[in-house]
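Everything below concerns the one structure shown next.
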């Protein structure tokens, strides 16, 4: 029986961008993997033109690269890329924390939601299953936690910049978490951030965030030195 192609409404190139991002973050496409227009078009049941446009947008975002006469590949992120991304994240999230604490943006309901996200992270860390699947699930929860704070700050520009970096941040965390393997620590770091937010202790909240991010950077530096 002939398989029906899916009909895709809306902007097809945007659909391609979202589709490939999800494939990358789910580990179906890894760094350096070859991505062909023909295969993506067949998977989505669309023509190659919007696929080409979508891949071009991902190249502009730094997620894919084109090699002449070879094709399109998922971008490789070096350690310097990872460091730069986390440096940017610290700067922007510190300013988000300042807004949240100084303007008392979080209610008890908000703290309940944040704690629920971290409990989900603990369940992922303690659960069974493939390590790659756990990493992907943990990263999704990590970004859910931080995205919640970005939104609650009310700073649309900061939120937009951080969301634009979202996929690269997740890619960086995938690289690092695969090196360290310490998902439990990643989960518990977030309780410290919540605790200091509840106390309106801005300086220690910033320290907790920095310690969370610097754990990644320290571990990757160890790996680099051992290489």
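Numbering (our numbering), first residue to last: 138 to 364. Glycine included, every Cβ here is placed at the ideal spot set by N, Cα and C. Treat the numbers as computed from the prediction; the structure is a model and nothing was measured.
Is residue 171 helix, strand or coil by DSSP?
If DSSP states are grouped into helix, strand and coil, residue 171 belongs with the strands.
Using the DSSP secondary-structure output, state which residues sit across from residue 211 in a beta bridge.
Paired residues: 201.
Ordered along the chain, which non-local residues of its own chain (more than five positions away) have a Cβ less than 6 Å from that of residue 274?
Excluding sequence neighbours, residue 274 sits near 261.
Please report the straight-line C-alpha distance between residue 148 and residue 193, rounded to a whole angstrom.
Cα to Cα, residue 148 sits roughly 15 Å from residue 193.
For residue 364, is the classification buried or exposed, using 16 other Cβ atoms within 10 angstroms of its Cβ as the cut-off for buried?
Any reading at residue 364 needs caution, since the residue's pLDDT is 48, under 50, leaving its predicted position unreliable; the model's value is listed next. Exposed is the call here.
In the region 245 to 283, which residue ranges form an unbroken alpha helix (DSSP H) of at least 4 residues, counting only runs that do not cross its ends?
Runs found: 245 to 263.
In terms of residue numbering, what span does the alpha helix (DSSP H) encompassing residue 155 cover?
Note, residue 155: alpha helix (DSSP H), 149 to 162.
Given a cut-off of 8 Å on the beta-carbon distance, is the pair residue 191 and residue 212 in contact?
Going by C-beta atoms, residue 191 is not nearer than 8 Å to residue 212.
Please determine, among 242, 298, 328, 165, the residue with the shortest C-alpha to C-alpha distance to residue 251.
Residue 251 has its Cα closest to that of 328, out of 242, 298, 328, 165.
Roughly how many whole angstroms lie between the Cα atoms of residue 170 and residue 210?
Those two C-alpha atoms are separated by around 5 Å.
One question on the structure: do residue 287 and residue 238 come within less than 8 Å of each other, judged by their Cβ atoms?
No.
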